[in-house]
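The block underneath contains the structure these notes are about, expressed in structure tokens.
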Amino acid sequence: MTLFSIARKNIRQNFTNYFLYFTSMIFNIVIYFTFVTLKYNETFQATSDASPKISSAFSGAAVVLMVFVAIFIWYSNSFFTRKRKKEVGLYSLLGVRKKQIGRMLFYENFIMGILALIIGILLGPVLSKFFVSILMGVMGFEAIGDFSISLAAIVNTIMVFSLITIITSFQGYRLIYRFKLIELFQADKEGEQEPKSSFIMALLSVILVGIGYWLALQNLMESNAWKEMGLMVTPLVILATVILGTYFLFSTLTVYLLKMSRKNKRSYWKGINLIGTSQLLYRIKGNARTLTIIAVLSATTLTAVGTAYSLYYNNRSNVELANPISMMFINKDKNVTNQVRDIFSNNKNHDVIYHKSIPTLQINADVTTLKNNLFSNEMMYTVISVNDFNTLAKVQKRIDKLSLMGNEAAALDAGYYEGMSPNYIGSTISLKVNDRVENITFKSLKKYNVLNYYTASTTLVVSDQLFTQLGKETNSVKMEVYEITNEDEAKQLTKDIQLILPDEARFSSFYADYSAGMESSGLMIFMGGFLGLVFLAATGSIIYFKQLTEANSDKGRYEILHKIGVNKKEVKRSIAKQVLFVFALPLIAGIAHCSVALTALSRLMQTSLVIPVVICMGVYTCIYIVYYFLTVNAYYKIVTK
Amino acid sequence: MQTILRAKNVQKVFGTKGNLYKALEDIDLEIKEGEFIGIMGPSGAGKSTLLNILSTIDTPSSGEIMIANQNIVRMNEEQLSDFRRNKLGFIFQDYNLLDTLTVKENILLPLALSKVPANEIEKRVNEIADTFGIREILDKYPYHISGGQKQRTAASRAIVANPSLILADEPTGALDSKSATSLLESLNALNEQNQSTIMMVTHDAYAASFCKRVLFIKDGRTYTEIHKNHQSRQEFFQKILDVLASLGGGH
Ligand SMILES: Nc1ncnc2c1ncn2[C@@H]1O[C@H](COP(=O)(O)OP(=O)(O)OP(=O)(O)O)[C@@H](O)[C@H]1O
Ligand SMILES: [Mg+2]
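Residue numbers (my numbering), protein chains in the order written: chain P, 1377 to 2017; chain F, 475 to 725.
See the structure below:
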């Protein structure tokens, strides 16, 4: 028998062991292939060439994916070789030469790698098409028109994974040289001894995570810590403390808590609790690294997807804030205005919800009293009457009503930014009309506008009497506002109207801003979603496979339990609890990390990310729960077979 | 005295079509409450198979088995589990200790499963540990104790819940003569003082001489049976050796 045929036979006989490694390889190949296919896709390339933001995001994602693929393959490879150590030790004991064993392992790894590559390349085109179309469907994103498979992507994938295969094969070859015989034999016992717990280490883990969180939540501008360490180093410190803290948390704090729970004999010595707790304790040390990797991956995924989704999600509300009205322009020319009206009434795709001509005044004001260093001394404002404001607020479904008397006024500032914008309320400014000035005092401030920002900029509301009075002294300008149905699809209509209006009409539309926002956030979300899906599948699979290998080694234990009269229901309950622990820990840690990261981010961006992020976390958790039940069932099947 | 176990026409066939192997052919057996019965026979005779069937871990191919007036052949999974937990105690050939639990936890497991209160558990475990002389190792893990200590732990676990029937498969197999004697004496004491019913499979004539009755099995059939009655252990031991000699096959 040649070494090659022994290797081949080994693979066939150890197939279940190989299965994890094999499937994870294939999974990686398919994912990588999908990503590379996107990269070589023409439409995609054109889009990303045009926008430096997108292309840098894309190369960032490529790096993340590469690191991830490397970790995942390294992880499953080491996992897999660990299972083989004893067998290798046995060959050595039987007198097979090291060189021969090494070569045999090399062949084994190599055959596996090449086989996985072939299957991956065959599956890749089908699955990647499937992935991408699902993603695009979910996001309603059309940037990647036709998704075709390119030869370049295939070649790239083959090259990268051949290299990886050769590297892992050499790792296999070196296995026999790297370890002493006794180590090979004891490989199974690794991490399977009751761990020691230390209060100090447990405390340290909490402190480390605490430091990381504290740093992350500091105000960037004011924090001394950030000033001391600098903007480049601090994020790294945060990352390091949080990751290290998480690791200690899993490896010592959990041990500590489990041991504490063991002290409570009344609950510990009750039914199957004894088994679940001791099993967890016994395993936790060996699992700490995996759990940390999963927690960090989960946090990264959630943060990336949360950010991308927030941009996407907030696009509509941001655009709505700037454009409360579908379309709006200044009436400069009666003919053109009539033409526009005809376009609206002839249009079949959109109904006009309301149309109004709002009389406005364009007035310069002396704003020195607002004491805002971002403003010049004079500002041009659009002034409307309180009556028109109330009408518009009502049709825009705002439950807000103003009543102003005499020289009272209200400011409508959609771009209001606490600390940067002026303190309107109580201040008095002077409006310049003809040669005289009219002082008005702000009674209230609205952080929205009822007119589009581009056409009307910041708007002042004055009492009806004052408006009539001022109207007599300055030219009144009519603004045409149109609210239509399906405003986010008004591509053609917007284009048609834009075409006939002159620049001075200051035409503004919801659609134009909305589609621009979608285009930039769409790709981000596409990438975030893609990576998120990959990481999610990967983390879920890591736990799933790891639990199943554990199930295989727990089999004997459950057999004993069965023999001494533990029934199946109890076994299932115990498994469910035990697996829950392993799933919940990294998920909770991941969600906590992500919450802190996004809190910091939302402070920086001054927007609330709560809703999109909660949605992301909800979806992530749901998929995790599915994985959880799959794992419990599979585990149960293995140990009761 | 009441009959605690009655087995009738028990057969066990292993393998699939074309490759059938009869491990047990027609075994009849009756055990009364308070008995200490030994099962002997050459290797491969079917002793472990019989024990596994009686302990409900394996099912017979045909035959009837009544234990404590319950027909175990007709029970479903759930009932069997409860039955094992409440009525039976095992000492396995290969210990079957859980390596994730300390010696103490291994012993108290059956009590914990039956939801016995914690202080009661503590008391019972300490008593048993004293009986078997394993008090010092209670907090150790199975991979840190010797084979004999493991066997005594397994024995402690088997009897801690006061089962109606204790089944032991070569409990002295891995023990030196001193530990073997002390284990056997513990079992004997258990039998005499607590009236526990014990069935023990063994290869060792010395171990068998502690029993009150020894059943010999050969090729899956009952070969013969001898009673100790009023003989001394030495005399009984001699008798056992005689039967083994007539049985042949490695003894
Ligand atoms: N699961 C099985 N499948 C097939 N044959 C089996 C199985 N279990 C036992 N046998 C066979 O049944 C016969 C009886 O086995 P058993 O284990 O009962 O012997 P034993 O009397 O306990 O022997 P020993 O003294 O060596 O422990 C043996 O020939 C064995 O090969
Ligand atoms: Mg046997």
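Note that beta-carbon positions come from the ideal geometry of N, C-alpha and C, so glycine has one too. Values in this document were obtained by computation on a predicted structure and should not be read as measured data.
- [ ] Taking Gly1994 (chain P) as part of the beta strand (DSSP E), name the residues at either end of that continuous run.
- [x] Stepping through the first sequence from its first residue, residue 1994 (chain P) is reached at position 618. Element bounds for Gly1994 (chain P): not the beta strand (DSSP E) but the alpha helix (DSSP H), 1986 to 2016.
TODO: Examine ligand 2 and report whether any of its heavy atoms sits within less than 8 Å of the Cβ of Ser522 (chain F).
DONE: Along the second sequence, one-based indexing puts residue 522 (chain F) at 48. Yes, the beta carbon of Ser522 (chain F) sits closer than 8 Å to at least one heavy atom of ligand 2.
Task: Nearest to Thr1844 (chain P) (by Cα), restricted to the options P:Glu1484, P:Thr1736, P:Leu1977 - done: Position 468 of the first sequence, counted from the first residue, corresponds to residue 1844 (chain P). Selected option, being the one with the closest Cα: P:Thr1736.
Open item on the list: 9 Å is my cut-off, CB to CB: does His1938 (chain P) come that close to chain F?
Closed with: As a first step, residue 1938 (chain P) must be located in the first sequence, where it is residue number 562. Chain F contact via Cβ: present.
Open item on the list: Is any non-hydrogen atom of ligand 3 found closer than 8 Å to the C-beta of Asp643 (chain F), if you look at the structure I gave you?
Closed with: Looking at this structure, you won't find ligand 3 anywhere; what it does contain is ligand 1 and ligand 2.
Task: Thr1870 (chain P) classed as buried or exposed, judged by whether at least 16 other C-beta atoms fall within 10 angstroms - done: Counted from its first residue, the first sequence places residue 1870 (chain P) at position 494. Classification for Thr1870 (chain P): buried.
Task: Through-space distance from Thr1457 (chain P) to Phe1395 (chain P), alpha-carbon basis - done: Here residue 1395 (chain P) refers to the residue found at position 19 when the first sequence is read from its first residue. Here residue 1457 (chain P) refers to the residue found at position 81 when the first sequence is read from its first residue. Their Cα atoms are separated by approximately 13 Å.
Task: Residue nearest to Ser1884 (chain P) in terms of C-alpha spacing, selected from P:Tyr1830, P:Arg1933, P:Val1838 - done: Taking the first residue of the first sequence as position 1, residue 1884 (chain P) is located at position 508. Comparing Cα positions, the closest option is P:Tyr1830.
Open item on the list: Does Asn1649 (chain P) come out as helix, strand or coil in the three-state DSSP assignment?
Closed with: The residue labelled residue 1649 (chain P) in the question sits at position 273 within the first sequence. Asn1649 (chain P) falls in the helix class under three-state DSSP.
Task: Met1535 (chain P): first and last residue of the uninterrupted beta strand (DSSP E) it sits in - done: Position 159 of the first sequence, counted from the start, is the residue given in the question as residue 1535 (chain P). Note, Met1535 (chain P): premise wrong, no beta strand (DSSP E); alpha helix (DSSP H) at 1527 to 1554.
Open item on the list: Would Leu627 (chain F) and Asn668 (chain F) be called neighbours here (beta carbons separated by less than 9 Å)?
Closed with: Start at 1 with the first residue of the second sequence, and residue 627 (chain F) comes out as number 153. Start at 1 with the first residue of the second sequence, and residue 668 (chain F) comes out as number 194. At residue 627 (chain F) the sequence reads Thr, which differs from the Leu that was named. No, the pair does not count as a contact, with Cβ atoms beyond the cut-off.
TODO: Measure the C-alpha to C-alpha separation of Gln623 (chain F) and Asn636 (chain F) and round it to an integer number of angstroms.
DONE: Translated into positions along the second sequence, residue 623 (chain F) becomes position 149. Translated into positions along the second sequence, residue 636 (chain F) becomes position 162. Approximately 21 Å between the Cα atoms of the pair.
Open item on the list: Under DSSP, the beta strand (DSSP E) around Thr696 (chain F) begins and ends at which residues?
Closed with: Against the second sequence, residue 696 (chain F) aligns to sequence position 222. Run containing Thr696 (chain F): 695 to 701, per the beta strand (DSSP E) assignment.
TODO: Determine the burial state of Arg559 (chain F): buried for a count of at least 16 other Cβ atoms within 10 Å of its Cβ, exposed for fewer.
DONE: Against the second sequence, residue 559 (chain F) aligns to sequence position 85. Label assigned to Arg559 (chain F): buried.
TODO: Check whether the Cβ of Ala1519 (chain P) lies closer than 9 Å to any Cβ atom in chain F.
DONE: In the first sequence, the residue the question calls residue 1519 (chain P) occupies position 143. Below a pLDDT of 50, predicted positions are generally treated as unreliable, and Ala1519 (chain P), at 49, falls in that range; no measurement from the model is reported.
TODO: Anything in chain F within Cβ reach of Asn2009 (chain P), meaning under 8 Å, just list it in chain order.
DONE: In the first sequence, counting from the first residue as 1, residue 2009 (chain P) sits at position 633. The premise fails here: Asn2009 (chain P) is roughly 18 Å from chain F at the closest Cβ pair, so nothing lies under 8 Å.
Open item on the list: I want to see whether chain P comes within less than 9 Å of Thr468 (chain F), judged by CB atoms only; does it?
Closed with: Given that chain F is displayed from residue 475 to residue 725, the structure contains no residue 468 (chain F) and the question cannot be resolved.
Task: Within-9 Å CB hit, Ser1654 (chain P) to chain F - done: The count along the first sequence starts at 1 and reaches residue 1654 (chain P) at position 278. So, interface residue.
TODO: Taking only beta carbons into account, state which residues of the region 563 to 579 of chain F come closer than 7 Å to chain P, listed in chain order.
DONE: Cβ contacts with chain P come from Phe564, Asn570, Leu572, Thr574, Leu575, Glu579.
TODO: Please name the residue in P:Phe1575, P:Gln1655, P:Thr1399, P:Thr1653 whose C-alpha comes closest to that of Phe1448 (chain P).
DONE: For the purposes of this step, residue 1448 (chain P) is taken as residue 72 along the first sequence, with counting starting at 1. Residue P:Thr1399 is the option with its Cα nearest to Phe1448 (chain P).
Task: Contact test: Gln625 (chain F) Cβ vs ligand 2 heavy atom, cutoff 8 Å - done: Locating residue 625 (chain F) in the second sequence gives position 151, counting from the first residue. False, no ligand heavy atom lies under 8 Å from that Cβ.
TODO: Report the three-state DSSP secondary structure of Ser1573 (chain P) (helix, strand or coil).
DONE: Along the first sequence, one-based indexing puts residue 1573 (chain P) at 197. In this structure, Ser1573 (chain P) counts as coil in the three-state DSSP scheme.
Open item on the list: Using 9 Å as the threshold, is the C-beta distance between Ala1973 (chain P) and Phe1444 (chain P) below it?
Closed with: Indexing the first sequence from 1 puts residue 1973 (chain P) at position 597. Indexing the first sequence from 1 puts residue 1444 (chain P) at position 68. No, these two residues do not count as a Cβ contact at 9 Å.
Open item on the list: Just to check my reading of the structure: Asp477 (chain F) and Glu499 (chain F) have Cβ atoms closer than 8 Å, yes? What is that Cβ distance to the nearest angstrom?
Closed with: Taking the first residue of the second sequence as position 1, residue 477 (chain F) is located at position 3. Taking the first residue of the second sequence as position 1, residue 499 (chain F) is located at position 25. Looking at the sequence shown, residue 477 (chain F) is not Asp but Thr. About 23 Å separates the two Cβ atoms, so there is no contact after all.
TODO: Hey, could you find the ends of the alpha helix (DSSP H) Asn1799 (chain P) is sitting in?
DONE: Indexing the first sequence from 1 puts residue 1799 (chain P) at position 423. Looking at the DSSP string, Asn1799 (chain P) is not in any alpha helix (DSSP H), and its letter there is neither H nor E.
Task: Nearest-angstrom beta carbon gap, Lys1822 (chain P) and Leu1768 (chain P) [assumed within contact, 8 Å] - done: The residue you call residue 1768 (chain P) lines up with position 392 of the first sequence. The residue you call residue 1822 (chain P) lines up with position 446 of the first sequence. 11 Å between Cβ atoms; not a contact.
- [ ] Could you tell me which of P:Ser1504, P:Arg1554, P:Ile1542, P:Ser1509 sits nearest to Ile1530 (chain P), measuring between CA atoms?
- [x] Stepping through the first sequence from its first residue, residue 1530 (chain P) is reached at position 154. The shortest Cα separation from Ile1530 (chain P) among P:Ser1504, P:Arg1554, P:Ile1542, P:Ser1509 belongs to P:Ser1504.
Open item on the list: Just checking: is the beta-carbon of Ile1651 (chain P) within a distance shorter than 9 Å of some beta-carbon in chain F?
Closed with: One-based indexing of the first sequence puts residue 1651 (chain P) at position 275. Ile1651 (chain P) counts as touching chain F.
TODO: Classify Leu571 (chain F) as buried or exposed, calling it buried when 16 or more other Cβ atoms lie within 10 Å of its own Cβ.
DONE: If you number the second sequence from 1, residue 571 (chain F) lands on position 97. By the 10 Å Cβ count, Leu571 (chain F) comes out buried.
Open item on the list: Are the CB atoms of Val1681 (chain P) and Gly1904 (chain P) within a distance shorter than 9 Å?
Closed with: Locating residue 1904 (chain P) in the first sequence gives position 528, counting from the first residue. Locating residue 1681 (chain P) in the first sequence gives position 305, counting from the first residue. Taking 9 Å as the Cβ cut-off, Gly1904 (chain P) and Val1681 (chain P) qualify as a contacting pair.
Open item on the list: Any beta carbon of chain P sitting closer than 9 Å to that of Lys589 (chain F)?
Closed with: Counted from its first residue, the second sequence places residue 589 (chain F) at position 115. True, the Cβ-Cβ gap to chain P drops below 9 Å.
Task: Straight-line gap, Phe711 (chain F) to Lys1646 (chain P) (C-alpha atoms, nearest Å) - done: Stepping through the second sequence from its first residue, residue 711 (chain F) is reached at position 237. Stepping through the first sequence from its first residue, residue 1646 (chain P) is reached at position 270. Straight-line Cα distance between these residues: approximately 44 Å.
- [ ] Can you tell me which of the three DSSP states Met1781 (chain P) falls into?
- [x] Translated into the one-based positions of the first sequence, residue 1781 (chain P) becomes position 405. Coil.
Task: Nearest to Ser1891 (chain P) (by Cα), restricted to the options P:Leu1877, P:Pro1878, P:Glu1863 - done: Here residue 1891 (chain P) refers to the residue found at position 515 of the first sequence. The shortest C-alpha separation from Ser1891 (chain P) is found at P:Glu1863.
Task: Given Leu1633 (chain P) as reference, the closest of P:Leu1673, P:Ser1574, P:Gly1893 once Cα atoms are compared - done: For the purposes of this step, residue 1633 (chain P) is taken as the residue at position 257 of the first sequence. It is P:Ser1574.
Open item on the list: One question on the structure: do Ala629 (chain F) and Phe606 (chain F) come within less than 9 Å of each other, judged by their Cβ atoms?
Closed with: Translated into the one-based positions of the second sequence, residue 629 (chain F) becomes position 155. Translated into the one-based positions of the second sequence, residue 606 (chain F) becomes position 132. Contact: yes.
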